[in-house]
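**Q** One structure follows; several queries about it will come next.
Written out as structure tokens, the structure is:
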């Protein structure tokens with residue numbers, strides 16, 4: 008039985024199985040997936056939430072030339088009860104707010120730091136109470152109500168829409184969030200892998216991505 | 416065969432890079448901060464474990480009452496619970512939206528509680544066993560001579576069980592240092608606040624494998640020493656201290 012192994016960014020958890028439900032998926036932080044691939048993990052497709060890791064693997068000769076397939080935006084989420092009464096990203100400067108973000112090196116963590124720097128809000132980092140290994144853990148800690156706020160992708164909000172509120176970020180702060188995918192040299196099913204990549208880039212794949220809230224490059 | 420299998424991964428940590436690199440990587444700020452967090456939270460957790468665990472173990476060892484076995488099982492349960500279950504349990508109990516709705520999550524206290532929760536059984540079990548191993552005639556003699564229960568506990572039971580308690584503490588300490596799952600779920604992971612050595616290893620392994628290795632080597636060394644302490648204390652406890660009074664009785 009041939010089963011594709013798809014290594015994909017955690018933020019693709021909802022949408023990839025809709026494009027093709029057959030493969031074995033591993034959803035995690037793109038940095039960790041890239042590390043596993045450098046350690047020889049058999050991945051047929053690597054889909055990351057930033058160009059950084061696919062481009063790194065490509066430069067090392069460990070995957071095919073990466074293709075951009077989606078874009079996203081970063082948003083701020085707060086629990087429905089909004090215990091810290093946060094109405095805008097600027098409220099995060101107040102002392103005592105429990106902010107959860109992605110760790111450095113994890114795409115959402117890097118985007119979050121860039122966004123805060125763009126808005127001149129890097130002092131907000133003093134309120135960070137936890138740095139998570141992928142975006143879904145940020146979502147979980149806010150949705151649970153344990154954290155006051157967290158930076159996640161726009162597409163992460165829908166599945167927890169009844170538990171969190173979304174707060175938009177001023178456009179000037181928004182970093183460019185681009186998803187890229189490639190076929191690692193550790194792939195075991197090159198033909199099926201290429202077919203999966205074509206499927207993601209196809210009209211149907213693009214429609215599924217758009218429906219989930221992604222932008223298209 | 417089994418020995419090779421068990422020893423190889425541990426050896427590999429030390430053989431992959433040179434010892435000087437290992438020591439050098441420990442000066443990385445992430446490693447240094449994690450070491451401080453680990454030592455502080457582990458020490459506090461073990462104070463908690465000993466302070467609450469010792470009287471609990473003494474009562475469990477010396478009293479016979481209905482439901483004692485159930486209580487013993489409850490105390491031992493964290494021993495076999497997956498750390499992830501401990502994590503959601505702590506959140507469900509102490510989380511902001513939990514039963515007691517506290518603001519403990521994401522603080523160093525959360526790390527301390529997570530460590531205490533998973534490591535306490537190691538101490539309590541050993542403590543119960545060492546209190547049970549005390550010669551009952553000694554306790555009875557002390558009581559006949561007019562010593563109250565508190566005095567018996569402090570002057571007779573505690574000193575006689577001391578090496579057993581020490582062994583339990585060393586085991587508990589070793590388990591606590593390695594705590595991962597409950598901590599990352601309940602306390603989160605933040606450098607200098609809640610990022611312990613185990614959490615830092617996980618955070619660094621995809622970023623800087625050598626630093627992760629160095630912290631791993633440090634934990635191996637700690638654990639090795641703690642287990643040696645256990646052996647040494649247990650040996651002193653089973654042979655001379657116990658056999659002498661019981662044979663004279």
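Chains as they are written, first to last, in the numbering used here: chain Z, 8 to 224; chain P, 416 to 664.
Backbone N, C-alpha and C define an ideal beta-carbon position, used for all residues, glycine too.
1) Based on DSSP bridge pairs, tell me the residues matched to residue 191 of chain Z.
2) In the DSSP assignment, find the unbroken alpha helix (DSSP H) run with residue 39 of chain Z in it and report its ends.
3) For residue 511 of chain P, is the classification buried or exposed, using 16 other Cβ atoms within 10 angstroms of its Cβ as the cut-off for buried?
4) Please confirm whether residue 15 of chain Z has its beta-carbon closer than 8 Å to some beta-carbon of chain P.
5) Distance, Cα to Cα, residue 217 of chain Z vs residue 457 of chain P?
6) Grab the span of the beta strand (DSSP E) containing residue 137 of chain Z for me, first residue to last.
7) Drop a sphere of 10 angstroms on the beta-carbon of residue 640 of chain P, count the other beta-carbons inside from all chains shown, and report buried for 16 or more, exposed for fewer.
8) Quick one: measure Cβ to Cβ for residue 170 of chain Z and residue 150 of chain Z, integer angstroms, because I've assumed they're closer than 8 Å.
9) Would you list, in chain order, the members of the stretch 491-516 of chain P that have their beta-carbon closer than 8 Å to a beta-carbon of chain Z?
10) What residues are listed by DSSP as bridge partners for residue 86 of chain Z?
11) Any idea if residue 587 of chain P is buried or exposed, counting beta-carbon neighbours within 10 angstroms, 16 or more meaning buried?
12) Our contact map puts residue 449 of chain P next to residue 612 of chain P with C-beta atoms below 8 Å; I'd like the distance itself, whole angstroms only.
13) Count the other CB atoms within 10 Å of the CB of residue 418 of chain P; is the residue buried (16 or more) or exposed (fewer)?
14) Give the C-beta separation of residue 17 of chain Z and residue 34 of chain Z to the nearest angstrom, bearing in mind that I take them to be a contact with Cβ-Cβ under 8 Å.
15) Got a sec, what are the start and stop residues for the beta strand (DSSP E) residue 158 of chain Z sits in?
16) Could you name the residues of chain Z that residue 603 of chain P contacts, counting a contact when the two beta carbons are closer than 8 Å?
17) Just the chain P side, please: which residues come within less than 9 Å of residue 63 of chain Z by C-beta, in chain order?
18) Using a Cβ-Cβ cut-off of 6 Å (strictly less than) and excluding sequence neighbours within five positions of residue 645 of chain P, which residues of its own chain qualify?
19) Taking the alpha-carbon of residue 187 of chain Z as reference, which of Z:104, Z:56, Z:210, Z:48 has the nearest alpha-carbon?
20) What's the call for residue 652 of chain P, buried or exposed, on a 16-neighbour Cβ count within 10 Å?
21) Could you tell me the distance, in whole angstroms, from the CA atom of residue 475 of chain P to the CA atom of residue 483 of chain P?
22) Leaving out five residues on either side along the sequence, give the residues of the same chain with a beta carbon under 8 Å from the beta carbon of residue 183 of chain Z.
23) Does the distance from the C-beta atom of residue 616 of chain P to that of residue 630 of chain P stay below 8 Å?
24) Report buried or exposed for residue 94 of chain Z, applying the criterion of at least 16 other Cβ atoms within 10 angstroms of its Cβ.
25) So, are the CB atoms of residue 64 of chain Z and residue 44 of chain Z less than 8 Å apart?
26) Closest by CA to residue 71 of chain Z, which one among Z:112, Z:202, Z:192?
27) With a threshold of 8 Å between beta carbons, is residue 644 of chain P in contact with chain Z?
28) Starting from residue 3 of chain Z, find everything on chain P with Cβ-Cβ shorter than 8 Å and list it in chain order.
29) Per DSSP, which one or two residues make a beta bridge with residue 109 of chain Z?
30) Suppose the cutoff is 7 Å on Cβ atoms and the five residues either side in sequence are ignored; what does the same chain contact list for residue 597 of chain P look like?
31) By the three-class DSSP mapping on this structure, what secondary structure does residue 75 of chain Z have?
32) Given residue 522 of chain P, which residues of its chain have a CB within under 8 Å of its CB, disregarding the five upstream and five downstream residues?
33) So, does the CB of residue 47 of chain Z fall closer than 8 Å to a CB anywhere in chain P?
34) By how many angstroms is the C-alpha of residue 539 of chain P removed from the C-alpha of residue 135 of chain Z?
35) Give the C-beta separation of residue 112 of chain Z and residue 163 of chain Z to the nearest angstrom, bearing in mind that I take them to be a contact with Cβ-Cβ under 8 Å.
36) If you follow the beta strand (DSSP E) that residue 115 of chain Z is part of, which residue opens it and which one closes it?
**A** Once the coordinates are examined:
1) As a working note, residue 191 of chain Z is residue 184 in the first chain. BP columns for residue 191 of chain Z point to Z:70.
2) Within the first chain, the letter at position 32 stands for residue 39 of chain Z. Looking at the DSSP string, the run of the alpha helix (DSSP H) that includes residue 39 of chain Z is 37-45.
3) For the purposes of this step, residue 511 of chain P is identified with residue 96 of the second chain, where counting begins at 1. It is buried - the Cβ of residue 511 of chain P has at least 16 other Cβ atoms within 10 Å.
4) As a working mapping, residue 15 of chain Z is identified with position 8 in the first chain. It does not: the Cβ of residue 15 of chain Z has no partner Cβ on chain P nearer than 8 Å.
5) For the purposes of this step, residue 217 of chain Z is taken as residue 210 along the first chain, with counting starting at 1. For the purposes of this step, residue 457 of chain P is taken as residue 42 along the second chain, with counting starting at 1. Straight-line Cα distance between these residues: approximately 48 Å.
6) Numbered from 1 along the first chain, position 130 holds the residue referred to as residue 137 of chain Z. Where residue 137 of chain Z is concerned, the enclosing beta strand (DSSP E) stretches over 135-139.
7) Stepping through the second chain from its first residue, residue 640 of chain P is reached at position 225. By the neighbour-count rule (16 or more Cβ atoms within 10 Å), residue 640 of chain P is not buried but exposed.
8) Reading the first chain from its first residue, position 163 is the one you call residue 170 of chain Z. Reading the first chain from its first residue, position 143 is the one you call residue 150 of chain Z. Sure, about 4 Å apart at Cβ, within 8 Å.
9) 506, 510, 511, 512
10) Here residue 86 of chain Z refers to the residue found at position 79 of the first chain. For residue 86 of chain Z, which the question treats as bridged, DSSP gives the partners Z:171.
11) Against the second chain, residue 587 of chain P aligns to sequence position 172. Per the 10 Å Cβ criterion, buried.
12) For the purposes of this step, residue 449 of chain P is identified with residue 34 of the second chain, where counting begins at 1. For the purposes of this step, residue 612 of chain P is identified with residue 197 of the second chain, where counting begins at 1. That pair is a contact at about 5 Å.
13) Here residue 418 of chain P refers to the residue found at position 3 when the second chain is read from its first residue. It is exposed - the Cβ of residue 418 of chain P has fewer than 16 other Cβ atoms within 10 Å.
14) Here residue 17 of chain Z refers to the residue found at position 10 of the first chain. Here residue 34 of chain Z refers to the residue found at position 27 of the first chain. Yes, they are in contact, since the Cβ atoms of residue 17 of chain Z and residue 34 of chain Z sit about 5 Å apart, within 8 Å.
15) Indexing the first chain from 1 puts residue 158 of chain Z at position 151. Residues 156-160.
16) In the second chain, the residue the question calls residue 603 of chain P occupies position 188. Neighbours of residue 603 of chain P on chain Z, chain order: 107, 136, 137, 138, 139, 148.
17) If you number the first chain from 1, residue 63 of chain Z lands on position 56. Residues of chain P passing the Cβ test: none, with the nearest at roughly 12 Å.
18) Here the question's residue 645 of chain P lines up with position 230 in the second chain. Closer than 6 Å at the Cβ level, and outside the excluded window around residue 645 of chain P, lie 582, 585, 586.
19) Working through the first chain from its first residue, we reach residue 187 of chain Z at position 180. Ranking the options by Cα distance to residue 187 of chain Z, first place goes to Z:56.
20) The residue labelled residue 652 of chain P in the question sits at position 237 within the second chain. Caution applies to residue 652 of chain P, whose pLDDT of 48 falls short of 50 and renders its modelled position unreliable; the model cannot decide the point.
21) Working through the second chain from its first residue, we reach residue 475 of chain P at position 60. Working through the second chain from its first residue, we reach residue 483 of chain P at position 68. Whole-angstrom Cα-Cα distance: 7 Å.
22) For the purposes of this step, residue 183 of chain Z is taken as the residue at position 176 of the first chain. Closer than 8 Å at Cβ, skipping near neighbours: 78.
23) Here residue 616 of chain P corresponds to residue number 201 of the second chain, with the count starting at 1. Here residue 630 of chain P corresponds to residue number 215 of the second chain, with the count starting at 1. Against a cut-off of 8 Å, the Cβ pair of residue 630 of chain P and residue 616 of chain P comes out as a contact.
24) Taking the first chain and counting its residues from 1, one reaches residue 94 of chain Z at position 87. Answer is exposed; the Cβ neighbour count stays below 16.
25) Walking along the first chain from the start, residue 64 of chain Z turns up at place 57. Walking along the first chain from the start, residue 44 of chain Z turns up at place 37. Contact: yes.
26) Locating residue 71 of chain Z in the first chain gives position 64, where the first residue counts as 1. Closest by alpha carbon: Z:192.
27) Indexing the second chain from 1 puts residue 644 of chain P at position 229. With 8 Å as the cut-off, residue 644 of chain P does not count as an interface residue toward chain Z.
28) Here chain Z comprises residues numbered 8 to 224, so residue 3 of chain Z is not present and cannot be evaluated.
29) Mapped onto the first chain, residue 109 of chain Z falls at position 102. Note: residue 109 of chain Z sits in a beta bridge opposite Z:139.
30) Within the second chain, the letter at position 182 stands for residue 597 of chain P. Closer than 7 Å at the Cβ level, and outside the excluded window around residue 597 of chain P, lie 498, 501, 502, 505, 529, 532, 533.
31) For the purposes of this step, residue 75 of chain Z is identified with residue 68 of the first chain, where counting begins at 1. The answer is strand: DSSP assigns residue 75 of chain Z an E or B state.
32) As a position in the second chain, residue 522 of chain P is number 107, starting the count at 1. Correct list, in chain order: 602, 608, 609.
33) Mapped onto the first chain, residue 47 of chain Z falls at position 40. False, the Cβ-Cβ gap to chain P never drops below 8 Å.
34) As a first step, residue 135 of chain Z must be located in the first chain, where it is residue number 128. As a first step, residue 539 of chain P must be located in the second chain, where it is residue number 124. The straight-line gap from Cα to Cα measures roughly 36 Å.
35) As a first step, residue 112 of chain Z is located in the first chain; it is residue number 105 there, counting from the start. As a first step, residue 163 of chain Z is located in the first chain; it is residue number 156 there, counting from the start. Contact doesn't hold; Cβ gap of about 19 Å is too wide.
36) Residue mapping note: residue 115 of chain Z aligns to position 108 of the first chain, counting from 1. No beta strand (DSSP E) holds residue 115 of chain Z; the alpha helix (DSSP H) holding it covers 114-125.
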